[in-house]
């Protein structure tokens, strides 16, 4: 997986966190990220896809999450919530991306941004979602 795409995910976590907390409109947050050159080493097209894709598909994403989380999605730590939403978005919409890549990237984001141990929580939830929506792929890989 390219570093530029990883950087796009990192920026998307930060941007979605900002959106979740402050509720600014998406183009305004995107503009801030561009102006502050926070996307300099990121794959901008992938950042845009995730950043607009998560809110656009929020109902479906949160529905998938709510099946496996131990509390209402809105009460999950905002950093973990942003990471879980990105991972779920990718599992649902990026079938070209192996589910193990999505899980690894999400775990790394949680290690980078989240509280101690949050990567285990993120892994547990996304693994269950992957087993449900990527059942053929998971079985083929012996997951």
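In the numbering used here, the protein residues as written are 1237 to 1379. The beta carbon of each residue, even a glycine, is placed where N, CA and C say it ideally should be.
- Distances from the alpha-carbon of residue 1322 to those of 1351, 1371, 1346 put 1346 closest.
- The residue among 1371, 1362, 1264, 1373 with its C-alpha nearest the C-alpha of residue 1302 is 1362.
- The residue among 1311, 1305, 1352, 1312 with its C-alpha nearest the C-alpha of residue 1360 is 1305.
- Scanning the stretch 1242-1309 from its first residue to its last, the whole alpha helix (DSSP H) runs of 4-plus residues come out as 1262-1271, 1280-1292, 1294-1302.
- At the C-beta level, residue 1339 and residue 1369 stay beyond 8 Å of one another.
- 8 Å or more divides the Cβ of residue 1283 from the Cβ of residue 1252.
- For residue 1241, the closest alpha carbon among the candidates 1258, 1285, 1262 is that of 1285.
- The Cβ neighbour count for residue 1273, taken over all protein chains shown within 10 Å, is under 16; the residue is labelled exposed.
- Rounded to the nearest angstrom, the gap between the Cα atoms of residue 1354 and residue 1376 is 28 Å.
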